[in-house]
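In UniProt numbering, the protein residues as written are 1 to 211.
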């Protein structure tokens, strides 16, 4: 596959025929590449099929439009991130250690494709209904992970109650905003690990103070 960035992606290779399951994956991979290169708004279906070396007809056999392909990419990426975070957390460790493990794993996965992560945070909301459905599903998945992390006997012994939904949403939103800010300013994502860990632990550790 060959393409050049000159305001618009191009390809010098003819479309190739691939099995249906591989075709969908190839199109999603191409969408991810295009978004990383020019952003979602500037990406067109023509870009995606050129990078994938497939036909426009094949694209519409798998996705109703550009937004549907983008949402599928982000859904898969979110599942990958959650899986990596869950696998990285040692439930036998103190809560503060678990939180740092979770944040570090989140950073590691997102560091591999920061442009896609930024597009998720900044460009997805413009898709209206598809965006709301994906955001709701992603948020519920993250909340479930946070609840699982804070619902063990070990964490209870530290005096920490299972995280509430509002607190989980604040944690999720705060980390995402830190991530977006780092990508936009060119700051290494690893720089958010310590402040994000401290903030999360402070929000989880003990009963809230009422002002």
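In this text, a Cβ means the ideal position worked out from N, Cα and C, and glycines have one as well.
Proximity of residue i and residue j at Cβ, strictly below 8 angstroms
i           : j           : result
residue 51  : residue 33  : yes
residue 240 : residue 158 : There is no way to answer for residue 240, as the model of the chain reaches only from 1 to 211.
residue 66  : residue 45  : yes
residue 191 : residue 103 : no
residue 92  : residue 154 : yes
residue 205 : residue 160 : yes
residue 203 : residue 172 : no
residue 101 : residue 90  : yes
residue 187 : residue 117 : no
residue 77  : residue 88  : no
For residue j and residue i, the rounded distance between their alpha carbons
i           : j           : result
residue 84  : residue 167 : 22 angstroms
residue 107 : residue 21  : 30 angstroms
residue 24  : residue 156 : 44 angstroms
residue 36  : residue 119 : 8 angstroms
residue 41  : residue 57  : 21 angstroms
residue 182 : residue 137 : 25 angstroms
residue 162 : residue 184 : 33 angstroms
residue 142 : residue 39  : 25 angstroms
residue 61  : residue 134 : 21 angstroms
residue 175 : residue 43  : 27 angstroms
residue 122 : residue 114 : 12 angstroms
residue 9   : residue 198 : A caution first: residue 9 carries a pLDDT of 43, below 50, which makes its placement in the model unreliable, though a value can still be read off. Looking at the two C-alpha atoms, the distance is approximately 42 angstroms.
residue 177 : residue 152 : 28 angstroms
Contact set for residue i: own chain, Cβ-Cβ below 7 angstroms, skip 5 residues either direction
i           : result
residue 109 : 80, 81, 84
residue 48  : 27, 30, 31, 34, 59, 69
residue 86  : 145
residue 189 : 107, 110, 111, 114, 179, 182
Where residue i falls: helix, strand or coil (DSSP)
i           : result
residue 50  : helix
residue 39  : coil
residue 152 : coil
residue 164 : coil
residue 158 : coil
residue 125 : helix
residue 113 : coil
residue 140 : helix
Cβ shell of residue i (< 8 angstroms), same chain only, five flanking positions each side left out
i           : result
residue 130 : 67, 68, 71
residue 150 : 95, 160, 161, 162, 163, 204
residue 147 : 162, 163, 168
residue 165 : 143
residue 193 : 100, 103, 104, 107
Beta-carbon contacts of residue i that lie in its chain and below 6 angstroms, excluding the five residues immediately before and after
i           : result
residue 170 : none
residue 201 : 96, 99
residue 125 : 131
Quiz prompt | Complete runs of the alpha helix (DSSP H) confined to the stretch 183–208 [at least 4 residues] | solution = 193–204
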